[in-house]
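Only one structure is covered here, and it is reproduced in the block below.
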Amino acid sequence: MWPLVVVLLLASVRCGSAQLIFNVIKSVEYTLCNQTVVIPCFVNNVETKNITELYVRWKFKGENIFIFDGSKRMSKPSSNFSSAKITPPELLRGIASLKMDKSDAVVGNYTCEVTELSREGETIIELKYRVVSWFSPNENILIVIFPVLAILLFWGQFGIVTLKYKSNYTKEKAIFLLVAGLLLTVLVIVGAFLFIPEPDILECEVKWALGSITMNKASGGDGIPVGLFQILKDDAVKVLHSICQHFWKTQQWPQDWKRSVFIPMPKKGTAKECLNYCTIALISHASKVMF
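Residue numbering for the sequence shown is 1 to 291, as defined by full-length UniProt numbering.
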């Protein structure tokens, strides 16, 4: 009995910690300028010097999106994250960061699981999207204020010219200034609206949109019934709010929301005639929140 205990103790000492320890990173951000998105994953106590003893699995919403099997020297990304990859030699230094193209990146929580022989561990990293403006908020204010002041000075000068001088030449000049002033005013107003950032989508708006969806409607191409949103209630509101906010800022409509299921419905008369059918389109209930 005692020899077995000694062997186990020696094995535990040799293997070090029973669990892999990760450098905790709560979230990372990417912007419109990024062509490649990197989700970091760092293991602090990797001891092996042989890459065949390592196994890495990345998950998104509980589903595998990338697997690296060191024993087979094989990397396998999922179809939805076809550009996902890691750098195998860096695994020996504890770097299991996932890289992918921006087109494949989806906002949400990613799970990095690393296994080294009998030791394993995991960490969760949230990927966020951040909108980057060309100018800071203070610069935007100055950009709007200066043209407005220019317009005020312009119309002041126009009033002085029309009141002080009454010659024919002055009248022609006043007409020219009037037309130029109107054009300048329109340009400044349009420019001011362009520089004013659009407001974010509110959770109360998503909640109202979900409540306005008619029940007893067939599901769209994603197969999600409308009753599921009613059951999840606040959880559904939070998830859809995050999704809609991402699409609103990135201005990229998801492919699943672009698809519709067309079903011919028979009307009166014989079913052999095409004119006796009407076509209905089933769309995703989640996409109705953005309408």
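We treat Cβ as the ideally placed atom computed from N, Cα and C, and that holds for glycine.
Between Trp257 and Ile201, the C-beta spacing is not below 8 Å. Of Gly62, Asp235, Leu184, Trp58, the smallest CA-CA separation from Met100 is found for Trp58.
Residue burial annotation: Cys204 is exposed, with fewer than 16 other C-beta atoms found within 10 angstroms of its C-beta. Here Leu182 is exposed. Its C-beta has fewer than 16 other C-beta atoms within 10 Å. In the displayed model, Asn64 falls within a strand according to three-state DSSP. In the structure shown, Asn276 falls within a helical segment according to DSSP collapsed to helix, strand and coil. When Cβ pairs closer than 8 Å are counted between the two stretches, the region 145-159 is seen not to touch the region 69-79, the count staying below three. Within its own chain, the residues whose Cβ lies closer than 8 Å to the Cβ of Pro89, once the five positions on either side in sequence are excluded, are Ile51, listed in chain order. Between Val237 and Leu210, the gap from beta carbon to beta carbon is short of 8 Å.
If one requires a minimum length of 4 residues, the alpha helix (DSSP H) runs lying completely within the region 172-253 are 203-212, 226-232, 234-250, in chain order. Beta-bridge partners assigned by DSSP to Met74: Asp69. Nearest to Ile67 by alpha-carbon distance, out of Glu47, Gly223, Asn44, Ala96, is Ala96. Secondary structure note for Val38: its beta strand (DSSP E) is the uninterrupted segment 36-39.
Scanning Glu120, Gly159, Ser287 for the CA closest to the CA of Gln19 turns up Glu120.
Counting C-beta pairs closer than 8 Å gives three or more between the region 222-240 and the region 268-287, which meets the contact rule. The beta carbon of Lys207 sits closer than 7 Å to those of Val237, all from its chain and outside the five residues before and after it, given in chain order. For the pair Ser27 and Ile125, the CB atoms are nearer than the 8 Å cut-off. From the listed residues Val56, Ala105, Asp69, the smallest Cα separation to Asn80 is found for Ala105. Counted as a single uninterrupted DSSP element, the stretch harbouring Ile21 is not any beta strand (DSSP E), since DSSP gives it neither H nor E.
Annotated three-state conformation of Lys267 is coil, per DSSP.
In the three-state reduction of the DSSP assignment, Asn109 falls in the strand class. Glu116 sits buried, since 16 or more C-beta atoms from the chains shown fall within 10 Å of its C-beta. For Lys99, the enclosing beta strand (DSSP E) begins and ends at 98-101. A distance below 8 Å separates the beta carbons of Val107 and His246.
Using a 10 angstroms sphere on the CB of Ala84, the tally of other CB atoms reaches 16 or more, which defines it as buried. Val46 sits away from Phe22, with the two beta carbons spaced by 8 Å or more. About 5 Å separates the beta carbons of Thr279 and Pro264, which is inside the 8 Å limit, making them a contact pair. Ranking Gln157, Gly156, Leu32 by CA distance to the CA of Lys128 puts Leu32 first. For the set Gly62, Lys102, Cys244, the Cα lying nearest the Cα of Gln35 is the one of Lys102. For the options Ile160, Val289, Ile39, the alpha carbon positioned closest to that of Cys244 is the one of Val289.
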